[in-house]
Each structure stands twice: as structure tokens, then as C-alpha cells.
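> Letter 270 of the sequence shown, counting from 1, is numbered 270 in UniProt numbering, and no numbers are missing. We put the beta carbon where it would ideally sit given N, CA and C, even for glycine. Questions regarding the structure given below will be posed in turn.
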Amino acid sequence: MGGIEEQVTGVNKCSLSSTPKENGTMTSLSSDAVINLDIGDPTLFQSYWSKIGDKCTIAFSGCQSISYFANTKNLCWFLEPELEEQIKRMHRVVGNAAVEDHHIVVGTGSTHLIHAALFALCPPDGPEPTSVVCAAPYYSCYPEATDFLRSGLYKWAGDAQTFDKDGPYLEIVTSPNNPDGTIREAIVKGVQEKLIHDLAYYWPQYTPITCCAHYDVMLFTASKCTGHAGSRIGWALVKDKDVARKMTKFIEVTTIGVSKEAQLRTAKILGVISDSCLHPGSNNFFEYGRRRMAGRWEKLREVMGRGKLFSLPEYPQEYCLFTGEYSESQPGFAWMKCNENIEDFEKFLRGHKILARNGSRFGSDPRHVRASMLCTGEEFKLFIERTCLETEERLLQNKPSRDSL
Ligand SMILES: Cc1ncc(COP(=O)(O)O)c(C=O)c1O
């Protein structure tokens, strides 16, 4: 598998200590291209799936999967039984979430399920909309998703750490967190609390699996698990039957179900991943993902460690139940802090043709940015080159002159 790792060699003035290779990647970006690390498009995983070849290929005949219905006996009547089975199997193989006493609701990406969960968990007859909070820095799409339709059921109330209003509220707990990769628990803890656990990144390529999560509402997405963001498949594991029923109702009313082609393709892919974990020597997907992420983090830390211009969060070593080893998190995003006198870090990086998301979008400050670590090998190579150049130039500028020595 070493052959499909990433190659970041000959990086201008930098000589990086580890130089694993990524073969078969087309070089199409010019050296002065703008690189977009603003979005978390998981193209990093493309090379794994290229190597897998036809194992995941499925074909549909014209007469197949025509009905709206997938399983009328299931509470979530549009959930394909094959997808349900493969979701359960994969959670059992990885050990990251309890499936035995949970209902599965499928959505068009977990974005759809965030809306469905807000709808299902916020009482329809409250005197005012339920406050929705999340500890800052929070995933920038939560405020937008919460307030987009100006619902009478819920409204965005910002940072959970400063929330002190009486009455019902809903806290979204993202763990590992987007943007900063930290492992989180609910913080408000009031009697009238409802929780959504967004576990999009609770997979071994990003973080050690330290327990089998067993929360009331847990959201997962193929986008971050397998890298198939374009299939738009997410799933919720929901303990309470009524909540699962209401979420299903939301999806029924908004989209009358979820594409069967996408569900069956995802089922196939999840099956291939579970097989890869269970059969030694068959390119374990999560091992591959871990190595790729580890390689990227190592390079980024090495470059950042050369100067004091930027800094990154540190993550503790934890025992991973899946790998049986101690390791630290290697999140899908780099939450970068600028330590110099630069007010708007995003703007500064834009000047270096790196697009990253401004910290203020996450309820934090503009001295932070979030940069995707899930980009293509080429984009990552340019990211490292430019960061490296900037760090070295600053070092040279700040270097004491001979006279002052
Ligand atoms: C924490 C988190 N939740 C949910 C999503 C949405 O994922 P999906 O592509 O399934 O809509 C993302 C996407 O970046 C995310 O980072």
C-alpha cells in the first residue's frame, strides 16, 4: 500500500523528512494555481478507490429500483435493507457506535439529517423557538442550516459555552470537532436539553476510537467516512422511536426518500471497507486513511514547527480500540492560528493563493483559519510549498544580522 501514498518531494528550499509516494496522480495544477482548502472535499481518498478497481462497481438495469419504497416494514420505509445491513456491519467492525438499540434513518448527506433532527427534537408547541447551540469553534454550516428557513421551531443561539438562557435548548456536539479536531462532550447540561451528536469524523483515519458511542441521536456521513461526498448519503442512529419517526417524516416531506442508486452504491462501498478490515492483507481502508492523514500531518507540523508564524492544536495520544495502538488525532482540517501581527489570516493566505475559511465563520476570530487536509495530493503539495516558503522568508527577515551578533 506504500505505493499509493502521497508524494511531497523536492519542496523548494524545504527538505521534508518523510517522503512517501502517491503514484498515479495526474499533475494538472500549475505552480501558481489558487488552491481551494476552504471546503472539506474528501478527494484525498480517490487514490484508494482507484486502486480498488472494479470491486465497488455496480450496475442498474432500467427496471430496477423504480418504486419510492424500499422496505415498507421498516420505520424508515425508504432505507434500502442492504444499506441498513452494511451500516450496522461497519459500525460493528470499527466499534465506533452502538447500532443494536438504534433505528437507522438515511438522508441525502448528513446535512439533510441535521435539518431532520432539528425538526424532530424541537417541540412544536413551545412558547418560542428552541435555542440551538454548539461550543465555538463550531462547524460553520450549523448557524446557516438552523436559520436558513427562519423556522418557528428553532433558532441559532451561538456558542454553547456562553449560553445561559432558561428553557429548552438543543446542543450539537461535534466530535471530533470541525474545525479544530478536538474530542468533545456536551457542555450546557440542563434539564431541558436535547442533544445531537455529529460524529462525521469519528472514524479511525481521523482519530483513535476510544469507545463505542451510544448517544440518543448520532449522525454519520459517507462523505467523511469513505470519501464519497458526491453520493450524498448520511445516516442517523436514533435511539427513540418517535424521534426516528419524526426524522423520517421530515425526509418524506422534503424529498420523499433518498436515492436508491446512491444507497445501493454506498452499501457496496461500506461492504468493501468492512471486508478490507476483516481480511488481512486486503488493503485495509482505515489503515490506508490513517497513513495518508498521518503523512500529511507530519509534513504540516514539520513546516509549521520551523517558525513561529503559525501554530496548530496538539492532540493527546489515546488508545484506539480499532487498531490496538496508541495514536493521536489527525483531523480532516488544520485549525491554524497566526501568531504574528496579521489581523485577517484568511486574507493573508489568499495573498499566497491559498483559500481557507476564516475563523470568524466558526464563532472564533480572524486570526484563525480552517484549511482542509482532505484535498488532492497536488493541492496539498502546493499548500506545503507555499507555507514553507512563507515560514522561511519570515525566518530570514527576523534573523539577527551579523552586526548584531
Ligand atoms: C461536522 C460535519 N457534519 C456534517 C457535514 C455534512 O456532511 P454531508 O456531506 O453528509 O452533508 C460535514 C461536512 O463537512 C461536517 O463537517
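Pull the bridge partners of S131 from the DSSP assignment, please.
For the purposes of this step, residue 131 is taken as the residue at position 131 of the sequence shown. Answer is K155, Y169.
> Can you tell which of N341, C277, L219, R306 has its C-alpha closest to the C-alpha of A116?
Here the question's residue 116 lines up with position 116 in the sequence shown. The shortest C-alpha separation from A116 is found at L219.
> Could you say which of N339, F345, N283, Y202 lies nearest to F310 if we only look at CA atoms?
In the sequence shown, counting from the first residue as 1, residue 310 sits at position 310. Ranking N339, F345, N283, Y202 by Cα distance to F310 puts N339 first.
> Enumerate in chain order the residues of its own chain whose CB-to-CB distance from L170 is below 8 Å, with the five nearest sequence positions on each side excluded.
Within the sequence shown, residue 170 is the residue found at index 170, counting from 1. Within the same chain, L170 has close Cβ partners L118, L121, C122, T130, S131, V132, V133, Y154, E193, K194, L195, I196.
> Is any non-hydrogen atom of ligand 1 found closer than 6 Å to the C-beta of A160, if you look at the structure I gave you?
In the sequence shown, the residue the question calls residue 160 occupies position 160. No, since every heavy atom of ligand 1 falls outside the 6 Å radius drawn around the Cβ of A160.
> Heavy atom of ligand 1 less than 6 Å from the Cβ of Y202, yes or no?
Here residue 202 corresponds to residue number 202 of the sequence shown, with the count starting at 1. Result no, Cβ not under 6 Å from ligand 1.
> Listed by chain order, which residues have C-beta atoms less than 6 Å from any heavy atom of ligand 1?
The filter returns G40, G109, S110, T111, Y139, T174, N178, D198, A200, T221, S223, A229, G234, in chain order.
> Rank T111, Q397, D38 by C-alpha distance to the C-alpha of H229 and give the top, closest one.
The count along the sequence shown starts at 1 and reaches residue 229 at position 229. The question names His, yet the displayed sequence has Ala at residue 229. Out of T111, Q397, D38, T111 has the C-alpha closest to the C-alpha of A229.
> Is it buried or exposed for F60, if we count other Cβ within 10 angstroms and need 16 for buried?
For this step, residue 60 is matched to residue 60 along the sequence shown. Its Cβ having fewer than 16 others within 10 Å, F60 is exposed.
> Using only alpha-carbon positions, find the residue among E100, R291, A294, E346 that is nearest to H368.
Locating residue 368 in the sequence shown gives position 368, where the first residue counts as 1. If we check each option's Cα against that of H368, E346 comes out closest.
> State the DSSP-derived secondary structure class of E229, mapped to helix, strand or coil.
Within the sequence shown, numbered from 1, the residue matching residue 229 stands at position 229. Per the sequence shown, residue 229 should be read as Ala rather than Glu. Helix, per DSSP.
> Using three-state DSSP, classify N23 as helix, strand or coil.
As a first step, residue 23 must be located in the sequence shown, where it is residue number 23. Any reading at N23 needs caution, since the residue's pLDDT is 39, under 50, leaving its predicted position unreliable; the model's value is listed next. In this structure, N23 counts as coil in the three-state DSSP scheme.
> Starting from the Cα of P168, find the closest Cα among E287, I104, V188 and give me that residue.
Within the sequence shown, the letter at position 168 stands for residue 168. Ranking the options by Cα distance to P168, first place goes to V188.
> What three-state label does DSSP hand K88 in the structure shown?
Within the sequence shown, the letter at position 88 stands for residue 88. Helix, per DSSP.
> In whole angstroms, what is the alpha-carbon distance linking D242 and L75?
One-based indexing of the sequence shown puts residue 242 at position 242. One-based indexing of the sequence shown puts residue 75 at position 75. One C-alpha to the other measures close to 10 Å.
> Comparing alpha-carbon positions, which option in A262, F148, S223, H103 lies nearest D41?
As a first step, residue 41 must be located in the sequence shown, where it is residue number 41. Of the listed residues, the one whose Cα sits closest to D41 is S223.
> Taking the Cβ atom as the reference point for each residue, do T387 and V303 lie within a distance shorter than 7 Å?
Counted from its first residue, the sequence shown places residue 387 at position 387. Counted from its first residue, the sequence shown places residue 303 at position 303. Closer than 7 Å, so yes.
> Check whether the Cβ atoms of V106 and L79 sit closer than 7 Å, and answer yes or no.
Position 106 of the sequence shown, counted from the first residue, corresponds to residue 106. Position 79 of the sequence shown, counted from the first residue, corresponds to residue 79. Yes, Cβ-Cβ distance for V106 and L79 is below 7 Å.
> When DSSP labels each residue in this structure, what does T221 get in the three-state scheme?
Taking the sequence shown and counting its residues from 1, one reaches residue 221 at position 221. Correct three-state label for T221: strand.
> Are the beta-carbon atoms belonging to Y206 and P176 less than 7 Å from one another?
Within the sequence shown, numbered from 1, the residue matching residue 206 stands at position 206. Within the sequence shown, numbered from 1, the residue matching residue 176 stands at position 176. The answer is yes: Cβ separation under 7 Å.
> Starting from K268 and walking both ways along the alpha helix (DSSP H), at which residues does that stretch end?
Looking up residue 268 in the sequence shown gives position 268. K268 -> alpha helix (DSSP H) spans 260 to 278.
> For M373, which beta-bridge partners are listed by DSSP?
Working through the sequence shown from its first residue, we reach residue 373 at position 373. In DSSP, M373 forms no bridge with anything.
> Between the C-alpha atoms of K88 and G377, what's the straight-line distance to the nearest angstrom?
What you label residue 88 is simply residue 88 of the sequence shown in a count that begins at 1. What you label residue 377 is simply residue 377 of the sequence shown in a count that begins at 1. C-alpha separation (whole angstroms): 32 Å.
> Since Y202 and N96 are thought to touch, with beta carbons under 8 Å apart, how far apart are those beta carbons, to the nearest angstrom?
Reading the sequence shown from its first residue, position 202 is the one you call residue 202. Reading the sequence shown from its first residue, position 96 is the one you call residue 96. Contact flag correct, Cβ pair sits at about 5 Å.
> What number of angstroms, rounded off, separates the C-alpha of R296 from the C-alpha of M373?
Locating residue 296 in the sequence shown gives position 296, where the first residue counts as 1. Locating residue 373 in the sequence shown gives position 373, where the first residue counts as 1. Each residue's alpha carbon lies about 7 Å from the other.
> Within this structure, are the beta carbons of I209 and L355 separated by less than 7 Å?
Stepping through the sequence shown from its first residue, residue 209 is reached at position 209. Stepping through the sequence shown from its first residue, residue 355 is reached at position 355. Taking 7 Å as the Cβ cut-off, I209 and L355 do not qualify as a contacting pair.
> Can you give me the Cβ contacts of P124 inside the same chain, cut-off strictly under 7 Å, excluding the 5 residues immediately before and after it?
Residue mapping note: residue 124 aligns to position 124 of the sequence shown, counting from 1. So the qualifying residues of the chain are L153.
> Tell me the residue span of the beta strand (DSSP E) that contains S327.
Looking up residue 327 in the sequence shown gives position 327. From DSSP, the beta strand (DSSP E) with S327 extends over 325 to 327.
> Would you call the CB atoms of R265 and I58 closer than 7 Å?
For this step, residue 265 is matched to residue 265 along the sequence shown. For this step, residue 58 is matched to residue 58 along the sequence shown. Yes, Cβ-Cβ distance for R265 and I58 is below 7 Å.
> So what does C320 bridge to, in DSSP terms?
As a position in the sequence shown, residue 320 is number 320, starting the count at 1. According to DSSP, which records beta bridges pairwise, C320 is partnered with E325.
> Rounded to a whole number of angstroms, what is the C-alpha to C-alpha distance between residue 459 and P81?
The question about residue 459 has no answer here: the residues shown for the chain are numbered 1 through 405.
> With H, G and I counted as helix, E and B as strand and the rest as coil, what does DSSP make of T182?
For the purposes of this step, residue 182 is taken as the residue at position 182 of the sequence shown. Coil at T182, not helix or strand.
> How is A200 classed by DSSP in three states: helix, strand or coil?
Along the sequence shown, one-based indexing puts residue 200 at 200. In the structure shown, A200 sits in coil (DSSP, three-state: anything other than H, G, I, E or B).
> Where does C225 land, buried or exposed, given buried means 16+ other C-beta within 10 angstroms?
Here residue 225 is taken as the residue at index 225 of the sequence shown, counted from 1. When all chains shown are included, C225 counts as buried.
> Quick one: Cα of G24 to Cα of S30, how far?
On the sequence shown, position 24 is the one that residue 24 refers to. On the sequence shown, position 30 is the one that residue 30 refers to. The predicted model places G24 with a pLDDT of 38, which falls under 50 and marks its position as unreliable, so this point remains unresolved.
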